[in-house]
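What follows is a set of notes on a single structure, which appears directly below.
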Amino acid sequence: MGILDLLRQRRTMERAKTWRQATIASNILLIITGFIVCISVLAMYINPRWLSLIQSINQLVDMHVKLGALILFGLLYTLAGLAALRSLKVRSTFLLGLQIFAVLILTVVVLATLYAVASQWIATMPTGVSFSVQGFKPGDPKNMAMANIQSVLKCCGRESYRDYYIANEAIPIRWVPFSCCNLNEHSYATCKNVSKPVHRGKLGRWFDPVPPSPDATVVPESFSYTNGCEWLIQHCLLPLLFLGFIVPSLCALISCTFASVYLHFAEKEDPDFDRPLDLSMFTFISGVKNERKSR
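The sequence shown begins at 117 in the numbering used here and counts up one residue at a time.
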């Protein structure tokens, strides 16, 4: 072997080492992003305010299904990253190639799911918010979804607080639900002091000796949030949902690209890279145990 061949081989080995490190780093990033997605969604279910918001939005769109898909895909991406690191450790092109193929299929499924989620969300969310505003009745326990959304997102109505005295007969004109009271500018006590009970679309005295709950009252429109809820849902919650699908998918595509390039140099880097699989990795399977004993 001449000097040029040695230099060429050394250059190839250095290049392969670089791509190996890039593959390891990209799969570590894939593991981290998948894990963060899972933990973030679970944290939303643990937080009472976010849980209330999720349950309320679930009445407009299938929010639980979408978040469940995020947890599942995040977990699968995490396992795929771990599988890639394991393949690099045992130096098996078969396992690494299988991992690349599986991740590509998973990414296609994730992107198809994202398209379905976006289509359903954009088509049904505006209508769902409109119906919730039109059918809102203060104090009705069966129709508290909009109250929870307004309280958590700090918004009022679909496009603005004016939607209530335009499209809702249960709310008096120039008044809005208590959940619309702007807690950024007014204290909770102030909102309670200016609140009034309402009955059949008219302000009225509360004859029950037990004071009404805040959700059964209304406040003047001057105390209301100015932002509509649909805009916040479409421009804040929907992008967060998109990120949960897109970021791990991008990391997966990057890891597949690096791993594919690395496989191109694998044999030149290490002649033993494509050796037969070490069956000791699969000793948890009884048939493999018997085969190894017979040898």
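Heads up, the beta-carbon is just placed ideally off N, CA and C, and yes, glycines get one too.
Rounded straight-line distance, which links the Cα of L369 to that of L195
Residue numbering aside, residue 195 sits at position 79 when the sequence shown is read from its first letter. Residue numbering aside, residue 369 sits at position 253 when the sequence shown is read from its first letter. For the pair L195 and L369, the Cα-to-Cα distance works out to about 15 Å.
Going by DSSP, name the residue or residues bridged to L319.
For this step, residue 319 is matched to residue 203 along the sequence shown. The partner list for L319 (beta bridge, DSSP) reads V314.
Once you ignore the five residues that flank H180 on each side, which residues in its own chain have a CB closer than 6 Å to its CB?
Here residue 180 is taken as the residue at index 64 of the sequence shown, counted from 1. Taken in chain order, the residues that qualify are N174.
Compare the Cα-Cα distances from D178 to each of Q250, V363, T240, V226 and report the closest residue.
Taking the sequence shown and counting its residues from 1, the one referred to as residue 178 is at position 62. The residue with the shortest Cα to Cα distance from D178 is T240.
Taking F294 and T333 to be in contact with their CB atoms under 8 Å, please state how far apart those CB atoms are, rounded to whole angstroms.
Taking the sequence shown and counting its residues from 1, the one referred to as residue 294 is at position 178. Taking the sequence shown and counting its residues from 1, the one referred to as residue 333 is at position 217. Correct: roughly 5 Å between the Cβ atoms.
Cβ distance (whole Å) where G197 is taken to contact L146 below 8 Å
Reading the sequence shown from its first residue, position 81 is the one you call residue 197. Reading the sequence shown from its first residue, position 30 is the one you call residue 146. That belief holds up - the Cβ atoms of G197 and L146 are roughly 4 Å apart, short of 8 Å.
Identify the continuous beta strand (DSSP E) that holds T333 and give its terminal residues.
To locate residue 333, count along the sequence shown from 1; it is residue 217. T333 -> beta strand (DSSP E) spans 333-336.
With a Cβ-Cβ cutoff of 9 Å, do L158 and G244 count as a contact?
Numbered from its first residue, the sequence shown carries residue 158 at position 42. Numbered from its first residue, the sequence shown carries residue 244 at position 128. For the pair L158 and G244, the CB atoms are not nearer than the 9 Å cut-off.
Considering only DSSP beta bridges, list what S412 is partnered with.
Here the chain comprises residues numbered 117 to 411, so residue 412 is not present and cannot be evaluated.
State buried or exposed for E285, treating a residue as buried only when at least 16 other CB atoms are found within 10 Å of its CB.
One-based indexing of the sequence shown puts residue 285 at position 169. So E285 counts as exposed.
When the Cα atoms are used, what is the spatial distance from W166 to A141?
On the sequence shown, position 50 is the one that residue 166 refers to. On the sequence shown, position 25 is the one that residue 141 refers to. About 33 Å.
Closest by C-alpha distance to A375, when choosing among C297, I148, G344, Q215
Counting from one through the sequence shown, the residue named residue 375 turns up at place 259. Looking at C297, I148, G344, Q215, the one whose alpha-carbon comes closest to that of A375 is Q215.
Taking the DSSP output, what are the residues bridged to W291?
Mapped onto the sequence shown, residue 291 falls at position 175. Its beta-bridge partners are P336.
Within 10 angstroms of the Cβ of D256, are there 16 or more other Cβ atoms? Answer buried if so, exposed if not.
Here residue 256 refers to the residue found at position 140 when the sequence shown is read from its first residue. Looking at its Cβ environment, which holds fewer than 16 other Cβ atoms inside 10 Å, D256 is exposed.
Is K133 buried or exposed, if buried means 16 or more other CB atoms sit within 10 Å of its CB?
Here residue 133 corresponds to residue number 17 of the sequence shown, with the count starting at 1. Exposed, because fewer than 16 other Cβ atoms sit within 10 Å of the Cβ of K133.
DSSP three-state call for P328: helix, strand or coil?
As a position in the sequence shown, residue 328 is number 212, starting the count at 1. For P328, the three-state secondary structure derived from DSSP is coil.
One question on the structure: do V224 and A185 come within less than 9 Å of each other, judged by their Cβ atoms?
Sequence index remark: in the sequence shown, residue 224 carries index 108 (1-based). Sequence index remark: in the sequence shown, residue 185 carries index 69 (1-based). Cβ atoms of V224 and A185: not closer than 9 Å.
Cβ-Cβ distance between N143 and S371 below 9 Å
Locating residue 143 in the sequence shown gives position 27, counting from the first residue. Locating residue 371 in the sequence shown gives position 255, counting from the first residue. Closer than 9 Å, so yes.
To the nearest angstrom, how far is it from the Cα of I221 to the Cα of I362?
Sequence index remark: in the sequence shown, residue 221 carries index 105 (1-based). Sequence index remark: in the sequence shown, residue 362 carries index 246 (1-based). When rounded, the distance between both Cα atoms is 15 Å.
So, for L82: in the same chain, excluding its five sequence neighbours on each side, which residues have a beta-carbon less than 8 Å away from its beta-carbon?
Residue numbering for the chain in the displayed model covers 117 to 411; residue 82 lies beyond these limits and cannot be assessed.
At the level of alpha carbons, what is the spacing between P330 and K308?
As a working note, residue 330 is residue 214 in the sequence shown. As a working note, residue 308 is residue 192 in the sequence shown. Looking at the two C-alpha atoms, the distance is approximately 7 Å.
Where does Y304 sit, in a helix, a strand or coil, going by DSSP?
The sequence position of residue 304 within the sequence shown is 188, counting from 1. The answer is helix: DSSP assigns Y304 an H, G or I state.
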